[in-house]
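*Asks:*
There are 2 protein chains.
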Amino acid sequence: MSSESLTSRLGYLLKHAQQRLALMNSAALKPHGIDGRELAILLVLADHEQESQQQAAGRLGIDRTTMVAFLDTLERKGLVTRRAHADDRRKNIVELTEIGREVLRNATEAADAAERDFLTPLSPRQGEQLKAALLAVIESS
Amino acid sequence: MSSESLTSRLGYLLKHAQQRLALMNSAALKPHGIDGRELAILLVLADHEQESQQQAAGRLGIDRTTMVAFLDTLERKGLVTRRAHADDRRKNIVELTEIGREVLRNATEAADAAERDFLTPLSPRQGEQLKAALLAVIESS
DNA sequence: TATTGTTATACTCTATAACTATA
DNA sequence: TATAGTTATAGAGTATAACAATA
Numbered sequence: 036m037s038s039e040s041l042t043s044r045l046g047y048l049l050k051h052a053q054q055r056l057a058l059m060n061s062a063a064l065k066p067h068g069i070d071g072r073e074l075a076i077l078l079v080l081a082d083h084e085q086e087s088q089q090q091a092a093g094r095l096g097i098d099r100t101t102m103v104a105f106l107d108t109l110e111r112k113g114l115v116t117r118r119a120h121a122d123d124r125r126k127n128i129v130e131l132t133e134i135g136r137e138v139l140r141n142a143t144e145a146a147d148a149a150e151r152d153f154l155t156p157l158s159p160r161q162g163e164q165l166k167a168a169l170l171a172v173i174e175s176s
Numbered sequence: 036m037s038s039e040s041l042t043s044r045l046g047y048l049l050k051h052a053q054q055r056l057a058l059m060n061s062a063a064l065k066p067h068g069i070d071g072r073e074l075a076i077l078l079v080l081a082d083h084e085q086e087s088q089q090q091a092a093g094r095l096g097i098d099r100t101t102m103v104a105f106l107d108t109l110e111r112k113g114l115v116t117r118r119a120h121a122d123d124r125r126k127n128i129v130e131l132t133e134i135g136r137e138v139l140r141n142a143t144e145a146a147d148a149a150e151r152d153f154l155t156p157l158s159p160r161q162g163e164q165l166k167a168a169l170l171a172v173i174e175s176s
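Chain order of the listed sequences is A and B. For the first sequence, our numbering assigns the number 176 to the last residue and increments by one with no breaks. For the second sequence, our numbering assigns the number 176 to the last residue and increments by one with no breaks.
Structure below.
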C-alpha cells in the first residue's frame, strides 16, 4: 500500500516538528529581544569574527541585500557594530558588542532550554539519535 | 558549555532536513504536475470525502481564503470538482476526479521514492526511529 | 444574524536590478 | 571592470476585511 494519510508522511512530520520548535524557540527568545534568525546571525558572527557581512550572509544562506536589513536592526538594538575593513574599505567588518555577547549568551541558554522542553517526550538517548539522524540526512549532499 | 555553533543546533538541523526533503519532493512531483502542498490537499480530500472546502482547509491548517486559490488551480488542472452541498447550498463539496485519483496514486509513489532516497544514509530501523521520534515531539501538545 | 465561499487588499518575506564607493 | 554595501522595486505567499448567497 503506497497510499497513506498525510499526517504520517515524513514531510508532514518534519515540517510540523520544525514549526513546533520554532514556536517554542520564538517564545523563549522574546524576553531577550531577538528572534530565531537574529540568534542565528549572532551565533555566526560570534563563531567567525573579522568577516565581512557578505561572508556572514553566505554562511547563513541569506541574500546580501537581506543581510543589510538584519544588521540594521541588530545595530539599532546595539548588539553589533559595523566598521570598514582596513585593507579593503568596500567591506564591512561586523562584530558583536559587549551587550551583543551578553544577549547571545542568555538567548542561547533560553534556546537550549526550549530544545530540552521540545525533546521532553524522548529519552536523552532518543534525543541524541534524533539529532544524529537529522545530521546524517542533511550531510548526504 | 551552553554556547554551540549554529549548525549543531536542533533548530538548524530540523529546518535544513525539512528543506532538503521538500526540495527532493518537489523534484519528484514535478513530472506529475503538482507540488507538495497540492499533494497534501489531494491526500486530505481522498481521506475525507464529502467534506466542505472549509473543513478540508481546517485539516490542512490553511486559511479558507487561501484554500479558494488552491482549489481553483486543482480544478483547472482537472484533478478536483466542486459541487454545492445538497442540504446546505452555501457549502462546496470537493471531490477528486478520476484523473485526480490517478495523479494522486502516481504522485504518492513518487513522493515515497523521494522519502526513501532522503533516508538513504540511515538504516531502515533508524528511519523508522526518526519518524517515531518526530511523531512523539509533535503530539506532545 | 451567522456562515460559506469569494474577492480585493494589505502585509511579510525575500530576491532582482540599479546605484555608490571602492578596488 | 569588478566587487561590497546599499536602496528601490517586484514577486511569492499568506492573512484581514468586505461582499454575495444561503441558512
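Glycine included, each C-beta is placed from N, C-alpha and C at the ideal position. Since the model is a prediction, treat every value here as computed from it, not as a measurement.
Strictly by DSSP, which residues pair up with Ser87 of chain A?
*Replies:* Answer is A:Ile128.
*Asks:* Might you give, ordered along the chain, the residues of its own chain that have their beta carbon closer than 8 Å to the beta carbon of Ala57 of chain A, omitting 5 neighbours on each side?
*Replies:* Taken in chain order, the residues that qualify are Gly71.
*Asks:* Would you grab the beta carbon distance between Leu45 of chain B and Lys50 of chain A for me? Rounded to a whole angstrom, and I think it's under 8 Å.
*Replies:* That pair is no contact at about 15 Å.
*Asks:* Tell me, please, which residues DSSP counts as bridged to Ala119 of chain A.
*Replies:* Paired residues: A:Asn127.
*Asks:* Go ahead and pull the three-state DSSP assignment for Thr100 of chain B.
*Replies:* Helix, per DSSP.
*Asks:* Give the residues of chain A in contact with Glu150 of chain B, contact being defined as C-beta atoms less than 7 Å apart.
*Replies:* By Cβ distance, chain A contributes Leu45.
*Asks:* Below 6 Å CB to CB, which residues in the same chain sit around Arg117 of chain A once its five sequence neighbours on both sides are set aside?
*Replies:* Excluding residues within five positions, the ones whose Cβ falls inside 6 Å are Asn127, Val129.
*Asks:* Output, in sequence order along the chain, the residues in the region 59-80 of chain A whose CB is closer than 7 Å to any CB in chain B.
*Replies:* The region 59-80 of chain A vs chain B, Cβ under 7 Å: Asn60, Gly71, Ala75, Leu78, Val79.
*Asks:* For a contact defined as C-beta to C-beta under 8 Å, what are the partners of Phe153 of chain A on chain B?
*Replies:* Within chain B, the residues near Phe153 of chain A are Leu45, Val172.
*Asks:* What alpha helix (DSSP H) runs, 4 residues minimum, are completely inside the region 54-87 of chain B?
*Replies:* Listed in chain order, the complete alpha helix (DSSP H) runs (minimum 4 residues) inside the region 54-87 of chain B are 71-82.
*Asks:* Judging by CA-CA distance, which residue of B:Pro159, B:Met59, B:Thr108, B:Gln164 is the nearest neighbour of Arg160 of chain A?
*Replies:* For the residues B:Pro159, B:Met59, B:Thr108, B:Gln164, the minimum Cα distance to Arg160 of chain A belongs to B:Gln164.
*Asks:* In this structure, does DSSP put Thr155 of chain B in helix, strand or coil?
*Replies:* Of the three classes helix, strand and coil, the one that applies to Thr155 of chain B here is coil, per DSSP.
*Asks:* Taking CB distances under 8 Å as the criterion, tell me whether Arg196 of chain B reaches chain A.
*Replies:* Absent from the structure is residue 196 of chain B, since the part of chain B shown begins at 36 and ends at 176.
*Asks:* Using 8 Å as the threshold, is the region 60-80 of chain B in touch with the region 133-143 of chain B, meaning 3 or more CB pairs across them?
*Replies:* The region 60-80 of chain B vs the region 133-143 of chain B: in contact.
*Asks:* Starting from the C-beta of Ala146 of chain A, find all residues in its chain whose C-beta is less than 7 Å away, skip the five residues before and the five after it, and write them out in chain order.
*Replies:* Cβ within range, chain order: Asn60, Ala63, Leu64, Leu74.
*Asks:* Candidates A:Ser87, A:Asn141, A:Phe105: which alpha carbon is nearest Asp123 of chain A's?
*Replies:* Of A:Ser87, A:Asn141, A:Phe105, the residue nearest in Cα terms is A:Ser87.
*Asks:* So, is His120 of chain A buried or exposed, given that buried needs 16 or more other C-beta atoms within 10 angstroms?
*Replies:* With fewer than 16 Cβ atoms within 10 Å of its Cβ, His120 of chain A is classed as exposed.
*Asks:* Determine the DSSP secondary structure at Val95 of chain B, reduced to helix, strand or coil.
*Replies:* The sequence as given places Leu at residue 95 of chain B; Val does not occur at that position. It is helical.
*Asks:* Does any C-beta atom of chain A lie closer than 8 Å to the C-beta of Gln85 of chain B?
*Replies:* Gln85 of chain B does not count as touching chain A.
*Asks:* Do you know whose CA, among A:Thr42, A:Glu144, A:Thr143, A:Lys112, lies nearest Asp82 of chain B's CA?
*Replies:* Considering only alpha carbons, the answer is A:Thr42.
*Asks:* Take Arg99 of chain A and list the residues in its own chain whose beta-carbon comes closer than 6 Å to its own, dropping the five residues that flank it on each side.
*Replies:* Counting only Cβ-Cβ distances below 6 Å, and skipping sequence neighbours, we find Gln89, Ala92.
*Asks:* For the ligand SAH, I want to know if Ala149 of chain B counts as a neighbour, meaning its beta carbon is within less than 7 Å of at least one of the ligand's heavy atoms.
*Replies:* Ligands in the displayed structure: none, and consequently the ligand SAH is not present.
*Asks:* Could you tell me the alpha carbon to alpha carbon distance between Glu39 of chain B and Arg125 of chain A, rounded to whole angstroms?
*Replies:* Distance between the alpha carbons of Glu39 of chain B and Arg125 of chain A is about 31 Å.
*Asks:* Please classify Gln53 of chain B as buried or exposed, where buried requires at least 16 other C-beta atoms within 10 Å of its C-beta.
*Replies:* Counting Cβ neighbours within 10 Å, Gln53 of chain B comes out buried, since at least 16 surround it.
*Asks:* Measuring straight from C-alpha to C-alpha, what distance separates Leu106 of chain B and Leu169 of chain B?
*Replies:* Roughly 30 Å separates the two Cα atoms.
*Asks:* If we cut at 8 Å on Cβ distances, does Met36 of chain B have a partner in chain A?
*Replies:* Residue placement at Met36 of chain B is poorly supported in this model, since its pLDDT is 42, which falls under 50; the coordinates still yield a value, given next. Taking Cβ atoms only, chain A never reaches closer than 8 Å to Met36 of chain B, which makes this a no.
*Asks:* Figure out for me which residue from B:Asn141, B:Val103, B:Val172, B:Glu84 has the closest Cα to the Cα of Glu150 of chain A.
*Replies:* Comparing Cα positions, the closest option is B:Val172.
*Asks:* Can Thr132 of chain A and Gly113 of chain A be called in contact, C-beta distance under 8 Å?
*Replies:* Yes.
*Asks:* Between the alpha carbons of Thr143 of chain B and Leu48 of chain B, how many angstroms are there, rounded?
*Replies:* Looking at the two C-alpha atoms, the distance is approximately 25 Å.
*Asks:* For Ile69 of chain A, I'd like the list of residues in its chain whose CB is within less than 7 Å of its CB, leaving aside the five on either flank, ordered along the chain.
*Replies:* Val138, Ala142.
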